[in-house]
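Undergrad: Just so we're aligned: 317 in this note's numbering is position 313 of the sequence shown, and the numbers increase by one with no gaps anywhere.
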Amino acid sequence: MTEGTADDQVEFLRFSSPAISEAEIEEVVDTLRSGWLVTGPKVQRFQDEFAAYKGAEHVVAVNSCTAALHLSLITAGIGPGDEVITTPLTFAATVNTIIHAGATPVLADVDLKSMNIDPDAVAGKITPRTRAIIPVHFAGRPCEMGALVRLAKEHGLVIIEDCAHAVETEYQGRKAGTIGDYGCFSFHATKNLITGEGGMVVAKRLEDAEKIKVLSLHGLSTEAWKRYSESGASHYDVIAPGYKYNMMDIQAALGVHQLRLIERNWDRRQTIWNRYNEALADLPVTLPDDPLSHDRHAYHLYTVQIDTASAGISRDSFVEAMTGEGIGVSIHFRSIPQFTYYRETYGWQAEDYPNADRIGHQTVSLPISPSLTGDDIDRVIGATRRLISS
Ligand SMILES: Cc1ncc(COP(=O)(O)O)c(C=O)c1O
């Protein structure tokens, strides 16, 4: 959706305008009127409905995917002295949560085409200290979970799936987040299912879900949130030094209705994805690889790789020019070793992860929100073609 700027001369097309319907707005208002704002009945409903959507038994709503990753690592008993392997092509949160747990992050390069962690690279990074793998289903395309699960079994490793982009993703008919030991979802305002900020953990084992629930609310004994309900203020116990990671009913109010729209929005994003594929096919850039026929892509990001030599424009100049055209684009992601903190702390060199490094320098994401109109899509295509061809 385009929106008017101050002088209403130029319309800026935001990279990721959230698609919010009247139903979400009414449900949030209902929550505000109900007087129950924090974790309560709507969080419970959202959890139940999300679990049904994923075909999962044990889910816990939290306030971000970052919280979900952190709690999964802690619940898996991962801490100082342990190594956790993840991808260099991810958002900082994936790596930061490994650090928050006290463990050491280890990077394994991605495959150039799928942009997902390469299981052979993972195998090369396993040491006696490795405890877990965090694959990220980048852009919503499933990782090679078969190979990763085999490695995990062989070496006794935990798998924590980073499903921030992957609500609708399926790998060979299995839903992302239900294949590993834990699946961590993001409902941040730019994601496929939106609660403003928000997240969910899908846990394979009941005892893990119970532990995550306790840790997400200060370590208070189970159902402690009910201490303000009509059932009355009973004593609670503190059984762990937990965190403040719980989801609010205001967020869940958005989530329950967003979940109802998830397949409709997925259809819309698939249509936009196919339009871009057709309209940009002849340009000297690399378009995202098609999903494999037995998998389901969540179409969260539409990434274009711009190689300056063949495209005649650098990625960064393209980003600047698109912004000048009033079109918001984004970068997912500069590779993790391209950032100062990780280079200085872990001595990582970007060139040691050549595929992620190349993608990190060349990739740009075009808008793919379901709220884009036909005219918006034509604008994106027109500007991209003009800038790449000229
Ligand atoms: C791959 C990946 N993992 C984790 C996160 C963190 O999600 P949240 O903002 O919900 O904490 C993001 C956010 O963009 C992400 O892209």
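Think of the CB as a built atom: it goes at the ideal place given N, C-alpha and C, for glycine as much as any other residue.
Mark T349 as exposed unless 16 or more other C-beta atoms lie within 10 angstroms of its C-beta, in which case mark it buried.
TA: It counts as exposed.
Undergrad: Using the rule of at least 16 other Cβ atoms within 10 Å of the residue's Cβ for burial, across every protein chain shown, is Y303 buried or exposed?
TA: Classification of Y303: buried, given that the 10 Å Cβ count is 16 or more.
Undergrad: If you check the beta carbons only, do A256 and G202 fall under 9 Å apart?
TA: Contact: yes.
Undergrad: If you follow the beta strand (DSSP E) that D15 is in, where does it begin and where does it stop?
TA: The question names Asp, yet the displayed sequence has Glu at residue 15. Element bounds for E15: E15 to L17.
Undergrad: Hey, how far is the Cα of T344 from the Cα of F16?
TA: Answer to the nearest angstrom: the Cα atoms are 32 Å apart.
Undergrad: Taking the continuous alpha helix (DSSP H) assigned at H261, which residues delimit it?
TA: Counting along the chain, the alpha helix (DSSP H) containing H261 begins and ends at D253 to R264.
Undergrad: Starting from the C-beta of R279, find all residues in its chain whose C-beta is less than 6 Å away, skip the five residues before and the five after it, and write them out in chain order.
TA: Only I381 meet the Cβ criterion.
Undergrad: CB V308 to CB V206, shorter than 9 Å?
TA: It is not a contact, given that the beta carbons lie outside the stated cut-off.
Undergrad: Considering H141, what are the terminal residues of the beta strand (DSSP E) in which it resides?
TA: Unbroken run through H141: none, as it is neither H nor E.
Undergrad: Among L263, H336, N359 and V66, which residue has its Cα nearest to the Cα of T367?
TA: Considering only alpha carbons, the answer is H336.
Undergrad: Could you please give the first and the last residue of the uninterrupted beta strand (DSSP E) stretch that includes Q48?
TA: No beta strand (DSSP E) holds Q48; the alpha helix (DSSP H) holding it covers P45 to K58.
Undergrad: Is any heavy atom in ligand 1 found nearer than 8 Å to the beta carbon of L75?
TA: No.
Undergrad: Between D11 and D293, what straight-line distance do the alpha-carbon atoms span, to the nearest angstrom?
TA: Here the model assigns D11 a pLDDT of 46, short of 50, so the residue's position is not dependable, and the following value carries that caveat. Answer to the nearest angstrom: the Cα atoms are 40 Å apart.
Undergrad: Would you list, in sequence order, the uninterrupted alpha helix (DSSP H) runs of no fewer than 4 residues that lie entirely inside the region 279-349?
TA: List check, alpha helix (DSSP H) in window: 312-315 and 319-328.
Undergrad: Quick check: does the Cβ of T349 come within less than 8 Å of any heavy atom belonging to ligand 1?
TA: Every heavy atom of ligand 1 is 8 Å or more from the Cβ of T349, so no.
Undergrad: Within 10 angstroms of the Cβ of L263, are there 16 or more other Cβ atoms? Answer buried if so, exposed if not.
TA: Classification of L263: buried, given that the 10 Å Cβ count is 16 or more.
Undergrad: Assess contact between the region 128-141 and the region 85-102, defined as three or more Cβ pairs (one per stretch) separated by less than 8 Å. Is contact present?
TA: They touch, by the three-pair rule.
Undergrad: Give every residue of the same chain whose Cβ lies closer than 6 Å to the Cβ of W352, excluding the five residues on either side of it in the sequence, and list them in chain order.
TA: Within the same chain, W352 has close Cβ partners P341 and Y346.
Undergrad: Measuring straight from C-alpha to C-alpha, what distance separates I183 and L210?
TA: Rounded to the nearest angstrom, the two C-alpha atoms are 15 Å apart.
Undergrad: How many angstroms separate the CA atom of I29 from the CA atom of H261?
TA: Computed Cα separation, rounded: 9 Å.
Undergrad: Can you tell me the Cα-Cα spacing of G378 and T275, whole angstroms?
TA: Each residue's Cα considered, the two are about 11 Å apart.
Undergrad: Quick check on the burial criterion: 16 or more other C-beta atoms within 10 angstroms. Buried or exposed for A360?
TA: Buried, by the Cβ-count rule.
Undergrad: Considering P123, what are the terminal residues of the alpha helix (DSSP H) in which it resides?
TA: Per DSSP, P123 belongs to the alpha helix (DSSP H) from P123 to K129.
Undergrad: Quick check on this structure: which residue in W270, V218, H239 and I24 has the alpha carbon closest to the alpha carbon of K248?
TA: Considering only alpha carbons, the answer is V218.
Undergrad: Under 9 Å between C-beta atoms, does T98 make it to chain C?
TA: Annotation note: the requested chain C is absent from the structure, which comprises a single protein chain.
Undergrad: Whose C-alpha, out of R178, D166, K215 and G328, is nearest the C-alpha of N100?
TA: Of R178, D166, K215 and G328, the residue nearest in Cα terms is D166.
Undergrad: By Cβ distance, which residues of its chain are closer than 6 Å to A27, with the 5 residues on each side in sequence left out?
TA: H261.
Undergrad: Is DSSP giving I29 helix, strand or coil here?
TA: In the structure shown, I29 sits in a helix (DSSP, three-state: H, G or I).
Undergrad: Span of the beta strand (DSSP E) holding D166?
TA: Looking at the DSSP string, the run of the beta strand (DSSP E) that includes D166 is V162 to C167.
Undergrad: Can you tell me whether K248 sits near ligand 1, meaning its C-beta is under 8 Å from at least one heavy atom of the ligand?
TA: Because no heavy atom of ligand 1 lies under 8 Å away, the Cβ of K248 does not count as near it: no.
Undergrad: Beta-carbon separation of G106 and G83 under 9 Å?
TA: The answer is yes: Cβ separation under 9 Å.
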